[in-house]
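What follows is a single structure, written as structure tokens, with notes after it.
Residue numbers (this note's numbering), protein chains in the order written: chain A, 428 to 580; chain B, 161 to 726.
Shown next as structure tokens:
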């Protein structure tokens, strides 16, 4: 199998996997970066959202061979101490119920806030639209994104 | 399910002195502490037979073991709050760990039926209060003052008269030497500081950094991954299996058949998924398979059947409809609904000749273990179940088919294995909320009075899809409620508030239609019906009229949708 060098959370990691392996399963099975979740495998739920060069991307749809030198950030690399404004806001607003989708929600929100640091509620709703929460904690997710936007200077 | 508290033995609390200088109170939730065969806890190298505990370390940190599966209903937070309340602990020093399945004796180490807190409430409080009393006694002895002159607050024992103050961590070594008191008083509810307050989920900080805690996050070196091809329709059976292409997929190590399932075993999840796609399987069926259009026909036939089960009959419905000046008739239908917890089904199993290790997300660890014991003929005492956090349950994980599947595969391949369902497996493989159709009819007389009401519910594996004593039963003189059920091969199960979930919507939607036809305000119309049920009921009234009247603003909205466990 080919060996791929991936730039993940600022570190180059080598993996030896089939070329069509989705990044999701490389992260989970090979690198044990388990914050990126498997929810649907077809890009419909957002639980596997990571950043590729700063853009929110579905890891389940991205094959390992398509990444090249792209810079990947997973939830484990979002902040050094779990203190990204979104992570703090998520706790403050007490967002999670079961919690499974939340890392994907946070990664989508983080890429969004970077581009639009002071969004309106409507913009937040649009940005978060593709991330499903089966427990339906949507109102708190929206609130937490807005709280985080106020924390960001 | 009944929310009964079992009779408690006075000596249910067991004390353990920790080698590191701390104190631990072990206790058993849900059942008397008696000879137990389960796993219990190993503390300082010694096995203990309690299934839950409260420990206070010399540094003042407090650990509570919570036995019930956590799937987002926040039971870990609730249990810790209850203990910490009576302990007067510093909430920021409390951590909660998941206890494993302990013994076949517990009937409530499960999540479902809204029973965890009612069952455990008194024991958790007693554990906290007992520890608090021992810490106060330890301080009183040290300071040579009466215990009654000391109070506890936020992790400290305080003697106000002398101004002395000691943290719990500094007192545990002494407290651990004291006898465990009995008949410890509990707080008055009005003195609660934590209970009743909005307290954040104790796992928030772990969740937001992606710390592994769910079933799918469990990995063990040397384990293999299994993805299973189940029959494409309920009732189909395997004719032939050609696994040549599947075995040729890089990373696939084995293909095994069990029943009408074929498992592809690989050294990664992706290889197993790819291998499954390469399987060539032909199926047949002994009898005609059911389709959605068959279901529609079956429902229509049941709606007109003369053989309905009668659940309630008040007055003379036929006469009311015969003399009606207006009849309103509506049908409401809900198909089979998958639960779709966002974490797909999965379980880890490691089966040996005489013992089994099971790890994963389940709402019913005890039932899962019994089923695995039955299948493998291995006694339950040799089977351990560790419960991970569940990425949602909604009733799907009350069923344990995927646990048994993992155990069966491991027993065949003789390796530790993690079985992973895909989203498509979950959507297509059941189990679903039973499909139902309701027909409501209302008769209005010339003065727009509601004189007659009929409800017929028909379902697929729904049991009785109606509830005869729901509102508006009792408030309408002539009323008939009946049902019919079709036995379908499609697997079904509880899905948050079985039956009442969709029925409540249909009932209230219909009453809105009736109010519209009567030209009445929909809330006022309901309040009028409640008044009739109170002053001049037709037959028994089994709902709480006062509660419904006082809460009429939100009366007609179901609150059950907020809860992820059913």
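Here a beta-carbon is modelled for each residue, glycine too, at the ideal position from N, C-alpha and C.
| Check | Outcome |
| --- | --- |
| Contact list for residue 461 (chain A) against chain B, beta-carbon separation under 7 Å | 370, 372 and 377 |
| DSSP-derived helix/strand/coil call for residue 539 (chain A) | helix |
| Of the listed residues B:215, B:670, B:302 and B:526, nearest to residue 603 (chain B) (C-alpha basis) | B:670 |
| Per-residue contacts from residue 518 (chain A) into chain B (C-beta, under 7 Å) | 360, 364, 365 and 368 |
| Closest residue to residue 366 (chain B) among A:492, A:441, A:524 and A:439 (Cα-Cα distance) | A:524 |
| Anticipated Cβ contact below 8 Å, residue 639 (chain B) with residue 477 (chain B), distance rounded | 7 Å |
| Whole-number beta carbon distance between residue 436 (chain B) and residue 589 (chain B), since they are thought to touch under 8 Å | Contact doesn't hold; Cβ gap of about 13 Å is too wide. |
| Chain-ordered neighbours of residue 503 (chain A) on chain B, where CB pairs are closer than 8 Å | 369 and 370 |
| Endpoints, the alpha helix (DSSP H) within which residue 311 (chain B) is located | Premise fails: residue 311 (chain B) lies in the beta strand (DSSP E), 310 to 313, not in any alpha helix (DSSP H). |
| Nearest-angstrom Cα separation, counted from residue 626 (chain B) out to residue 663 (chain B) | 7 Å |
| Given residue 384 (chain B) as reference, the closest of B:271, B:578, B:445 and B:571 once Cα atoms are compared | B:578 |
| Selection from B:466, B:559, B:404 and B:645 that minimises the alpha carbon distance to residue 438 (chain B) | B:404 |
| Contacts of residue 410 (chain B) in chain A (Cβ-Cβ under 7 Å) | 428 and 445 |
| Cutoff 7 Å: residue 583 (chain B) Cβ touching any chain A Cβ | yes |
| Test item: CB-CB of residue 378 (chain B) and residue 554 (chain B) under 7 Å | no |
| Where residue 708 (chain B) falls: helix, strand or coil (DSSP) | helix |
| According to DSSP, residues forming a beta bridge with residue 400 (chain B) | B:442 |
| Within-7 Å CB hit, residue 526 (chain A) to chain B | yes |
| Beta-carbon proximity list for residue 539 (chain B), same chain, < 7 Å, skipping 5 on both sides | 533 |
| Per DSSP, the bridge partner or partners of residue 494 (chain B) | B:596 |
| Proximity test, Cβ basis, 7 Å: residue 512 (chain A) and chain B | no |
| Contact with chain A by residue 303 (chain B), beta-carbon distance below 7 Å | no |
| Of the listed residues B:418, B:543, B:420 and B:388, nearest to residue 412 (chain B) (C-alpha basis) | B:388 |
| Selection from A:433, A:477, A:577 and A:450 that minimises the alpha carbon distance to residue 490 (chain A) | A:450 |
| At least three beta-carbon pairs within less than 8 Å, the stretch 456 to 464 of chain B to the stretch 416 to 432 of chain B | no |
| Counterpart residues of residue 651 (chain B) in DSSP-defined beta bridges | Answer is none; residue 651 (chain B) lacks a bridge partner. |
| Complete runs of the alpha helix (DSSP H) confined to the stretch 615 to 681 of chain B [at least 4 residues] | 660 to 678 |
| Cβ-Cβ separation, residue 214 (chain B) to residue 315 (chain B) (assumed contact under 8 Å), whole Å | With a Cβ gap of about 14 Å, residue 315 (chain B) and residue 214 (chain B) do not count as contacting. |
| Beta-carbon spacing of residue 645 (chain B), residue 622 (chain B) below 7 Å | yes |
| Contact the stretch 675 to 686 of chain B vs the stretch 514 to 524 of chain B: 3+ CB pairs below 8 Å | no |
| Straight-line gap, residue 464 (chain B) to residue 641 (chain B) (C-alpha atoms, nearest Å) | 14 Å |
| Opposing strand residues paired with residue 500 (chain A) [DSSP bridges] | A:478 |
| Residue 183 (chain B) to residue 336 (chain B) span [Cα, whole Å] | 5 Å |
| Partners in chain A for residue 501 (chain B), counting only beta-carbon separations shorter than 7 Å | 561 |
| Coil, strand or helix - residue 538 (chain B) by DSSP | coil |
| Where residue 506 (chain A) falls: helix, strand or coil (DSSP) | coil |
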